[in-house]
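Q: My numbering puts the first residue of the sequence shown at -18, with every later residue one more than the last.
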Amino acid sequence: MSGERLTRRALIAGAGTTALAAPLLAQKVIDLGLPGGPGLRPLDPQFPGKGEMIVQRIRPPLLEAPMAVFREGVITPNDRHFVRWNWDMPASVKAADHRVAVGGAVKTPVSLTLDEIAAAGEHVSVVAVNQCAGNGRGLSEPRVTGTQWGNGAMACAKWTGVRLKDVLARASVAEGAKRVRFAGLDVPLTEGAPQFIKSLPLAIAMRDDVLVAWAMNDEPLPILHGFPLRIVVPGWFSTYWVKMLATIEVLTGEDESYYVAESYRLPAQPVTPADKDFATIPVTTMPPRAFITSHADGDTIAKGEPLVLEGIAFGGNAALARVDLVGKGWEVPCTLGPDEGRYAFRRWSVTLPNASGDLTGIGARAADTEGAVQPDTLAWNPSGYARNVIERISLRAQ
């Protein structure tokens, strides 16, 4: 691994499939329509390895996909997949030198090469949504702190690797194990700041669909997405999908590290912006969500003509059961497209036979197979995590 960090100078110097080069100055901007403002963001078509992306921050990289991307299909192309790093990432990684240390409460600590990881078990793939816990945060009212994402900090990809449990088997997990903790190669930007490490309950880590992945849509992981290895936890928010995986540690107790015990947490009970000192629980699984992608808020439609509305939806930690188009006092069931798997995006569509006037405050509402349904009102929290309120738009007929 190169010792060079992702500074602006390193951005300019980096090149190749496992290194970064600097984006050119953005030529366009996009308005995310954030109620707490400001909503304007650079729309950059030349960030390395990416298509046209909304730039929330360059260092560490935070890139959001324009909602138009989600009109194109259920699989998000690698170059349009959102990017979220908490800390500074290396400008390059030398695959031949990379090792993953597996230790803690194990019988035989090991340090595995990429070839040894690949040989640890059956190669498996899963199509799964990867979503930032703060996706849609910028739409919160009142405004909350943190990156002011629109709804483009999500994506769906085919992930390929080996099961995490097969990698753990190389070290033989000891009795009394409770959690499995992960760290990557990213490091804090400021002295004394906590390292970004996350952990899963052992039962989740041992699931058949939790992977140590090296491929994304049948291509090697791009460096912005965690080359050479990342954890994939279908149904869980991406904070657990640790990138540039370097260490796996088995714990016999609770994880008291900052990003588990203090950050990425939700109120245990409903709160208001005035509430303080309330109990919290960790952000874990994703709830169902649906989006209208064929039209944007304020679009014009033909009065008196049939109107076809389309979009995407996903069930989160469960399979998607249904999508309904909802308005003020009415709802219409939607037709679901092909099923790419429990954790994937799924297309939906509906035809309104006669758009006789303006459509005000319409939205798509998803429900999963376990009974969870998108709510009509936002469950506000001070970090803007786990947003799944119905996203509504209005269309003008003429």
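Yeah, the Cβ is synthetic: ideal placement off N, Cα and C, and Gly gets one too.
Determine whether the beta carbon atoms of residue 214 and residue 185 lie at a separation below 8 Å.
A: yes
Q: Per the DSSP calculation, residue 61 is bridged to which residue(s)?
A: The partner list for residue 61 (beta bridge, DSSP) is empty, contrary to what the question assumes.
Q: Specify the secondary structure class of residue 367 as computed by DSSP and reduced to three states.
A: Annotated three-state conformation of residue 367 is coil, per DSSP.
Q: Enumerate in chain order the residues of its own chain whose CB-to-CB distance from residue 222 is below 7 Å, with the five nearest sequence positions on each side excluded.
A: 111, 211, 212, 213 and 214
Q: Check the DSSP bridge columns for residue 189 and list the partner residues they point to.
A: For residue 189, which the question treats as bridged, DSSP gives no partner whatsoever.
Q: Report yes if the CB atom of residue 333 is closer than 8 Å to the CB atom of residue 287, and no otherwise.
A: yes
Q: Enumerate in chain order the residues of its own chain whose CB-to-CB distance from residue 238 is below 6 Å, with the five nearest sequence positions on each side excluded.
A: 178
Q: If distances are taken between C-alpha atoms only, which option among 209, 204 and 309 comes closest to residue 195?
A: Comparing alpha carbon positions, the residue from 209, 204 and 309 closest to residue 195 is 209.
Q: Taking just the CA atoms, how far does residue 284 sit from residue 142?
A: 50 Å
Q: Would you mind listing the beta strand (DSSP E) stretches within the region 11 to 72 that are 3+ residues and don't spill past its ends, in chain order?
A: Counting only runs of at least 3 residues, the region 11 to 72 fully encloses the following beta strand (DSSP E) elements, listed from N- to C-terminal order: 21 to 25, 34 to 38 and 43 to 45.
Q: Restricting to runs no shorter than 4 residues, where is the alpha helix (DSSP H) found entirely within the region 144 to 196?
A: 145 to 150 and 183 to 186
Q: Examine the Cβ distances between the region 243 to 257 and the region 362 to 377 and report whether three or more of them are shorter than 8 Å.
A: Taking 8 Å as the limit for Cβ pairs, the verdict is that the region 362 to 377 does touch the region 243 to 257.
Q: With a 10 Å radius around its C-beta and 16 neighbouring C-beta atoms as the bar for buried, classify residue 72 as buried or exposed.
A: buried
Q: Could you check what DSSP says for residue 117 in three-state terms: helix, strand or coil?
A: coil
Q: Can you check DSSP and say which residues form a bridge with residue 377?
A: 281
Q: Under 6 Å Cβ to Cβ from residue 50, same chain only, skipping five residues before and after it: list those, please.
A: 61, listed in sequence order.
Q: Pick helix, strand or coil for residue 97, following the three-state DSSP scheme.
A: helix
Q: Go ahead and label residue 21 buried or exposed: buried means 16 or more other beta carbons lie within 10 angstroms of its beta carbon, across all protein chains shown.
A: exposed
Q: With distances taken between CB atoms, is the gap from residue 304 to residue 343 smaller than 8 Å?
A: no
Q: Assuming residue 37 and residue 140 are in contact, meaning their beta carbons sit under 8 Å apart, how far apart are those beta carbons, in whole angstroms?
A: Not confirmed; about 24 Å, so no contact.
Q: Going by C-alpha to C-alpha distance, which of 227, 282, 132 and 168 sits closest to residue 46?
A: 132
Q: Taking the alpha carbon of residue 347 as the reference point, which residue from 74, 267 and 289 has its own alpha carbon closest?
A: 267
Q: Reducing DSSP to helix, strand and coil, say where residue 223 ends up.
A: Under the three-state reduction of DSSP, residue 223 is assigned to coil, being neither helix nor strand.
Q: Among 225, 55 and 145, which one has its Cα closest to the Cα of residue 201?
A: 225
Q: By DSSP's criteria, residue 305 is part of a beta bridge. Which residues make up the other side?
A: 314 and 346
Q: For a quick check, are the C-beta atoms of residue 355 and residue 269 less than 8 Å apart?
A: Yes; because the gap between Cβ atoms is below 8 Å, this pair is in contact.
Q: Looking at the secondary structure, which residues open and close the alpha helix (DSSP H) in which residue 242 lies?
A: 239 to 242
Q: Is residue 210 helix, strand or coil when you go by DSSP?
A: coil
Q: According to DSSP, is residue 290 part of a helix, a strand, or is it coil?
A: strand
Q: Mind checking if residue 324 is an interface residue toward chain D, Cβ cutoff 8 Å exclusive?
A: Looking at the structure shown, chain D is missing, and only one protein chain is on hand.
Q: Spell out the partners DSSP gives residue 262 in its beta bridges.
A: 247
Q: Would residue 289 and residue 218 qualify as a contact pair, given that the criterion is a beta-carbon distance under 8 Å?
A: Pairing residue 289 with residue 218 gives a Cβ-Cβ distance that is not under 8 Å.
Q: Measure the alpha-carbon distance for residue 297 versus residue 216 and round it to whole angstroms.
A: 5 Å
Q: For residue 119 and residue 13, which I take to be in contact (beta-carbon distance under 8 Å), what is that distance rounded to the nearest angstrom?
A: 6 Å
Q: Could you spell out the range, first to last residue, of the beta strand (DSSP E) harbouring residue 329?
A: Counting along the chain, the beta strand (DSSP E) containing residue 329 begins and ends at 327 to 333.
Q: Output the distance between the C-alpha atoms of residue 5 and residue 330, rounded to the nearest integer angstrom.
A: Interpretation of residue 5 is limited by its pLDDT of 49, a score under 50 that renders its predicted location unreliable; no figure is taken from the coordinates.
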